[in-house]
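Peer 1:
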Ligand code: SAM
């Protein structure tokens, strides 16, 4: 039936395309996507040859209006290059406009790198704050981290290989003592997740420059990485207090 279908797609492993996603991508009238080559591969994999319409960060008001108009009478799917559309990806304005125009909107759940990273990290997940990409400039990155220092939740960021070590250095400086988790190449052949203090991870990734896509996570304030020396002195202090 007509409407806008938000469709989550794999974040690396094509086996993660859901049955419903395949059904909608094969049965819809057109697919709005960021990059027709990237989505073309997925469409080929599931055996769909539906028309691909470009809808990316550079889409104009008119592009959007055209999709909303089409969704009144046709089934239009929205996908991004990978994962859940709208999550650090285009689509929010399209959904807003479709809703404002009374067009039916539905969302098919599926892979989202932030959630996959969180589940792998071993960090507390009862409260988390997803904060997208950290700014690329040093000052802005430090300010963003400082503004999140008091947040009582695991912090999640999207990150890229070339920028990881600078982010880790900033975290070590601005949020010292926190446990950090780096989840890389999720669902792919070289999937990896390392959880340790920022300084330790910094040392590792300086020696082994990371390739590929990354979810960077920071434990909440109370989950401090305590060194053995610190632990011993804390224990001594506690024992002193008990004696008095
Ligand atoms: N909408 C996507 C989602 O639901 O995950 C995210 C799109 S965002 C433009 C791309 C970023 O997502 C990457 O820079 C990386 O931080 C993260 N990402 C995507 N795929 C990933 C993967 N397989 N492993 C780790 N991180 C990934």
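Residue numbers (full-length UniProt numbering): 10 to 253. Beta carbons: idealized from backbone N, C-alpha and C, even for Gly. A quick note: this is a predicted structure, and the numbers were derived from the prediction, not measured.
Might you give, ordered along the chain, the residues of its own chain that have their beta carbon closer than 7 Å to the beta carbon of residue 48, omitting 5 neighbours on each side?
Peer 2: Counting from one through the chain shown, the residue named residue 48 turns up at place 39. Excluding residues within five positions, the ones whose Cβ falls inside 7 Å are 40, 42, 61, 88.
Peer 1: Where do the ends of the beta strand (DSSP E) carrying residue 14 lie?
Peer 2: Numbered from 1 along the chain shown, position 5 holds the residue referred to as residue 14. Its beta strand (DSSP E) spans residues 12-16.
Peer 1: Just checking my contact of residue 209 with residue 200 at CB under 8 Å: how many whole Å lie between their CB atoms?
Peer 2: Position 200 of the chain shown holds residue 209. Position 191 of the chain shown holds residue 200. 20 Å between Cβ atoms; not a contact.
Peer 1: At least one CB of chain B closer than 8 Å to the CB of residue 243: is that the case?
Peer 2: In summary, chain B is missing from the structure at hand, where a single protein chain is found.
Peer 1: Are three or more beta carbon pairs between the stretch 75-94 and the stretch 10-18 nearer than 8 Å?
Peer 2: Contact holds: three or more Cβ-Cβ distances are below 8 Å.
Peer 1: Apart from the five residues just before and just after residue 115, which ones in its own chain have a Cβ nearer than 8 Å to its Cβ?
Peer 2: Start at 1 with the first residue of the chain shown, and residue 115 comes out as number 106. So the list reads 12, 13, 14, 15, once near-sequence residues are dropped.
Peer 1: Should residue 64 be listed as close to ligand 1, given that the test is whether its C-beta is under 7 Å from any heavy atom?
Peer 2: Sequence index remark: in the chain shown, residue 64 carries index 55 (1-based). It does not: the Cβ of residue 64 is nowhere closer than 7 Å to a heavy atom of ligand 1.
Peer 1: My output table needs one value for residue 101: the three-state DSSP class, helix, strand or coil.
Peer 2: Reading the chain shown from its first residue, position 92 is the one you call residue 101. Looking at residue 101 - three-state DSSP - the assignment turns out to be helix.
Peer 1: What is the DSSP secondary structure of residue 116, counted as helix, strand or coil?
Peer 2: On the chain shown, position 107 is the one that residue 116 refers to. In this structure, residue 116 counts as strand in the three-state DSSP scheme.
Peer 1: Does the beta carbon of residue 92 fall short of 7 Å from some heavy atom of ligand 1?
Peer 2: What you label residue 92 is simply residue 83 of the chain shown in a count that begins at 1. Yes, ligand 1 has a heavy atom inside 7 Å of this Cβ.
Peer 1: Beta-carbon separation of residue 163 and residue 137 under 8 Å?
Peer 2: By one-based count along the chain shown, residue 163 stands at place 154. By one-based count along the chain shown, residue 137 stands at place 128. It is a contact, given that the beta carbons lie within the stated cut-off.
Peer 1: Could you check if residue 171 is buried or exposed, using at least 16 other CB atoms within 10 Å of its CB as the buried criterion?
Peer 2: Within the chain shown, the letter at position 162 stands for residue 171. So residue 171 ends up on the exposed side.
Peer 1: Count the other CB atoms within 10 Å of the CB of residue 167; is the residue buried (16 or more) or exposed (fewer)?
Peer 2: Translated into positions along the chain shown, residue 167 becomes position 158. With 16 or more Cβ atoms within 10 Å of its Cβ, residue 167 is classed as buried.
Peer 1: Give me the DSSP bridge partner(s) of residue 42.
Peer 2: Residue numbering aside, residue 42 sits at position 33 when the chain shown is read from its first letter. The partner list for residue 42 (beta bridge, DSSP) reads 63.
Peer 1: Let's see if you can read the secondary structure: which residues bound the beta strand (DSSP E) around residue 222?
Peer 2: Position 213 of the chain shown, counted from the first residue, corresponds to residue 222. It spans 222-227 - the beta strand (DSSP E) in which residue 222 sits, taken as one unbroken run.
Peer 1: Expressed to the nearest angstrom, what Euclidean distance is found between the alpha-carbon atoms of residue 141 and residue 225?
Peer 2: As a working note, residue 141 is residue 132 in the chain shown. As a working note, residue 225 is residue 216 in the chain shown. Taking the straight line joining both Cα atoms gives about 10 Å.
Peer 1: I need the straight-line Cα distance from residue 143 to residue 180, nearest angstrom please.
Peer 2: Here residue 143 refers to the residue found at position 134 of the chain shown. Here residue 180 refers to the residue found at position 171 of the chain shown. The straight-line gap from Cα to Cα measures roughly 11 Å.
Peer 1: Can you give me the C-alpha to C-alpha distance between residue 68 and residue 97, rounded to a whole angstrom?
Peer 2: By one-based count along the chain shown, residue 68 stands at place 59. By one-based count along the chain shown, residue 97 stands at place 88. For residue 68 and residue 97, the distance between alpha carbons rounds to 15 Å.
Peer 1: Name, in chain order, the residues that DSSP records as bridge partners for residue 2.
Peer 2: Past the edges of the chain, shown from 10 to 253, lies residue 2, and the structure says nothing about it.
Peer 1: Nearer than 7 Å: is that true of the beta carbon of residue 259 relative to any heavy atom of ligand 1?
Peer 2: In the structure displayed, the chain extends from 10 to 253; residue 259 sits before or after that span and is not available.
Peer 1: Is residue 143 helix, strand or coil when you go by DSSP?
Peer 2: Looking up residue 143 in the chain shown gives position 134. If DSSP states are grouped into helix, strand and coil, residue 143 belongs with coil.
Peer 1: In its own chain, which residues sit with a C-beta less than 7 Å from the C-beta of residue 174, not counting the 5 before and 5 after it?
Peer 2: Here residue 174 is taken as the residue at index 165 of the chain shown, counted from 1. If we look at residue 174 and ignore the five residues flanking it on each side, its Cβ neighbours are 211, 214, 215.
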